[in-house]
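Have a look at the structure below, then the notes.
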Amino acid sequence: MNKKTERTIEALRENRFEALYFDTAEEAKEYLLKEVKTDQSVGFGGSVTLDEMGIYQALKERGNEVIWHWYIEEGSDRINMMNKAMFTDVYMSGINGLTEDGRIVNIDGTGNRLASMLFGHKRLFLVCGINKISRNVEESLIRIKNVACPLNTQRLNIPTPCSKADKCMNCTSERRICNATLIMEKQHGGIPTTVVLIGEKMGF
Ligand code: SF4
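With the working numbering as the guide, the letters of the sequence shown map in order to residues 36 to 239.
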């Protein structure tokens, strides 16, 4: 583990989050599959990292009830899936940014992920590659808006200015994907939170 990652883990723990480090995504996946009980329902927030790990498929195959608006059930729709995911035992999401002083930064277009990070579940797992660590909140927000948002709008084919300019243009687009920001500074009273940090480049 490099010094920057070590500092981040230590700071997250000082902020009372549970913070764990795994060298590989495969090890992190094994841990998550062990922690989630087979009778627990699991909701997902949009996350390239979790999708790359195949954790949704692994949980589903072994019989967990899994709810993710990226995998819409027959007869349902995106919003209905997002609503259902808010009432699961466990919630899993990626992270947009982590800081070396132990803060967790997320930005949403809709707000479903942010709502689920604060209340309503028994346990929250936030999974993140070390490529998303920044020095502080300010640098994290700059990285998210100028790296993650353009790549996400390109991936989803959303015609915001950042998808063309490769940087934030502070737009007022109706399709804007960065409408709400949540900065988790300390473990809050809502849901016990575990940060699963992976020593690989995951998502963006
Ligand atoms: S404000 Fe607009 S241009 Fe900037 S990151 Fe958000 S969606 Fe993209």
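For each residue, glycine too, the CB sits at the ideal point set by N, CA and C.
Exercise for the section: For K167, verify whether its CB is less than 7 Å away from any heavy atom of ligand 1. Expected result: no
Exercise for the section: Excluding the 5 residues preceding and the 5 following N147 in the sequence, name in chain order all residues of the same chain whose CB lies nearer than 6 Å to its CB. Expected result: M117
Practice task
Identify whether C184 lies in helix, strand or coil by the three-state DSSP scheme.
Solution key: helix
Problem - Helix, strand or coil at D124 according to DSSP, with G and I counted as helix - result: coil
Handout entry: Neighbour-count burial assignment, M36, 16 or more Cβ in a 10 Å radius
Key = exposed
Practice task
May I ask you to verify whether the segment 56-67 touches the segment 132-143, counting CB pairs closer than 8 Å and requiring at least 3?
Solution key: no
Practice task
Using 7 Å as the cut-off, classify the Cβ of K199 as near or not near the heavy atoms of ligand 1, replying yes or no.
Solution key: no
Practice task
For K221, collect the residues of the same chain with a Cβ closer than 7 Å to its Cβ; drop the 5 residues on either side in sequence, then sort them by chain order.
Solution key: N50 and R51
Handout entry: Proximity of T123 and S76 at Cβ, strictly below 8 Å
Key = yes
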